[in-house]
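Residue numbers (the working numbering): 991 to 1108.
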């Protein structure tokens, strides 16, 4: 069992930055894929970023590439999402997730709200 808890969400103006954190506890499998997703009201959940605990490989969709950075701190068992140049369309609840493959995220956090005002 992996327990995930997000923090760091809030209200920010367009063009601003936020850093989300995801603290992992329980069995933090070193080979697991770690990801960030988001869901805006009335929209489907969207993939935002992924990596592994090593942080050597990262994945981003075009919508956030160049603006968002995913990273890990193994000593703290924490996953981060640095979000720069935020846009109103980035407004959503952001979730961190972990699983054995990018297609099987077994564990999810409760989410943290990010609101970007124009």
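For each residue, glycine too, the CB sits at the ideal point set by N, CA and C. Please read all numbers here as calculations on a predicted model, not as lab measurements.
Quick check: what's the CA-CA separation for residue 1036 versus residue 1014?
Taking the chain shown and counting its residues from 1, one reaches residue 1036 at position 46. Taking the chain shown and counting its residues from 1, one reaches residue 1014 at position 24. Those two C-alpha atoms are separated by around 21 Å.
Bridge-paired residues (DSSP) for residue 1059
If you number the chain shown from 1, residue 1059 lands on position 69. Bridge partners of residue 1059: 1072.
Nearest neighbour of residue 1106, chosen from 1044, 1006, 1017 and 1045 [CA to CA]
Here residue 1106 refers to the residue found at position 116 of the chain shown. With distances taken between Cα atoms, residue 1106 lies closest to 1006.
What's the call for residue 946, buried or exposed, on a 16-neighbour Cβ count within 10 Å?
Residue 946 lies beyond the residue range present for the chain, which begins at 991 and ends at 1108; the question has no answer from this structure.
Given a cut-off of 8 Å on the beta-carbon distance, is the pair residue 1061 and residue 1045 in contact?
For the purposes of this step, residue 1061 is taken as the residue at position 71 of the chain shown. For the purposes of this step, residue 1045 is taken as the residue at position 55 of the chain shown. For residue 1061 and residue 1045, yes; Cβs fall inside 8 Å.
If we count the other Cβ atoms within 10 Å of its Cβ and call it buried at 16 or more, is residue 1028 buried or exposed?
Sequence index remark: in the chain shown, residue 1028 carries index 38 (1-based). Buried, by the Cβ-count rule.
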